[in-house]
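**Q**
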Amino acid sequence: MTPRRIIVAITGASGVVYGVRLLEALRKMEHCESHLILSAAGGLTAMQELDMSRSDIEQLAHVTHNVRDIGASVASGSFKTHGMVVAPCSMKTLASIALGLSDNLVSRAADVVLKERRRLVLMTRETPLNLAHLRNMVAVTEMGGLICPPVPAFYTRPATLDDIVNHSVARVLDLFALDHAVPLQRWQGLNAQASE
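Residue numbers for the sequence shown follow the numbering used here, beginning at 1447 and rising by one.
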C-alpha cells in the first residue's frame, strides 16, 4: 500500500511552529509519509523562534530533501503525493509559486503539485498585505492552490499558544481529509445559553 505522502515545506516567515506541528502530527498517523523541505531562512527562523536546529526538525520527518536538490523525488509528477503544505509560507515563496519560477525545490514541488492537480495549501504569514501579496494569492488560487493563513479562531476560547497553533494545523489536515489526533474544538452551533 502506497503511503499518503504529504510534502511539508518550511520557509523563512515567522511561524515555524506550524510546520513543526504538522510534522509531529503526520509522524503519528498510520499510512502517512512526510517529505520535508526546509529552506535556509526557515532553519534560521526555527532557531530564533523555537531554539530548534535543522537536524531537530529533520528528525520529525519521514524523508528530508535539500532545498537545492531539483532532482529530488518530489520534483517530479510521476512521484505520487497527496499534496503539499508550505507552513509557514513567506511572501518570497508565495511569489515564486505564483510566477512558476521553480527556482528551488520548494517552488518546484509546489509547481508539480499544481500541475498534477493535487492539493497545495499555503499558510501565508504576513501583515499588512500589499498589492503584490494579494495578486500573488489570487494567482495561486486561480491555479487551484489554497491560501490558508493561520488565523486564530476565538470562538474556541484558546487558553494557550498551543491551542491556537493546534487549531490551524488541524484545519490544514482536514483539507487533506486526513484522520488526525490534533486537538480541535469543532463548531457545533451557538449553544442555547449564548443565543438567549
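Don't be surprised by glycine CBs; every beta carbon is placed ideally from N, CA and C.
Counting along the chain, where does the beta strand (DSSP E) carrying H1579 start and finish?
**A** No beta strand (DSSP E) contains H1579, which is instead part of the alpha helix (DSSP H) from 1577-1588.
**Q** List the DSSP bridge partners of S1480.
**A** In DSSP, S1480 forms a bridge with I1452.
**Q** In whole angstroms, what separates the C-alpha of E1642 from that of P1604?
**A** Its pLDDT being 48, under 50, E1642 is placed unreliably in this model, and the value from its coordinates should be taken loosely. If I take the Cα positions, the gap works out to 23 Å.
**Q** Return the residue from the list A1459, R1514, H1528, L1468 that minimises the CA-CA distance to Q1494.
**A** Ranking the options by Cα distance to Q1494, first place goes to A1459.
**Q** Thinking A1471 and H1613 are a contact (beta carbons under 8 Å), I'd like their distance in whole angstroms, please.
**A** At roughly 13 Å, the Cβ-Cβ gap does not stay under 8 Å, so A1471 and H1613 are not in contact.
**Q** Suppose you measure from the CA of A1555 to the CA of S1522; what does that come to, to the nearest Å?
**A** The straight-line gap from Cα to Cα measures roughly 8 Å.
**Q** Can you look up T1570 in the DSSP assignment and give me helix, strand or coil?
**A** Note: T1570 maps to strand in three-state DSSP.
**Q** With contact counted as at least three CB pairs below 8 Å, one residue from each stretch, are the region 1583-1596 and the region 1538-1551 in contact?
**A** Yes: at least three Cβ pairs fall under 8 Å.
**Q** What are the boundary residues of the beta strand (DSSP E) that M1498 is part of?
**A** Premise fails: M1498 is in no beta strand (DSSP E) and is neither H nor E.
**Q** Are the beta-carbon atoms belonging to L1484 and R1500 less than 8 Å from one another?
**A** Contact flag set, yes.
**Q** Using 8 Å as the threshold, is the region 1518-1535 in touch with the region 1569-1588, meaning 3 or more CB pairs across them?
**A** The region 1518-1535 is in contact with the region 1569-1588.
**Q** Excluding sequence positions up to five away, which residues of its chain have a Cβ less than 6 Å from the Cβ of Q1631?
**A** For Q1631, where only same-chain residues beyond five positions count, the Cβ hits under 6 Å are T1602.
**Q** Assign L1630 to one of three DSSP states: helix, strand, or coil.
**A** L1630: coil per DSSP, three-state reduction.
**Q** Would L1566 and M1530 be called neighbours here (beta carbons separated by less than 8 Å)?
**A** Cβ distance < 8 Å, so L1566 and M1530 count as in contact.
**Q** Whose C-beta lies closer than 6 Å to the C-beta of A1599 among residues of the same chain, with five residues either side of it excluded?
**A** Here the set comprises H1613.
**Q** Identify every residue that forms a DSSP beta bridge with T1539.
**A** Note: T1539 sits in no beta bridge, so no partner.
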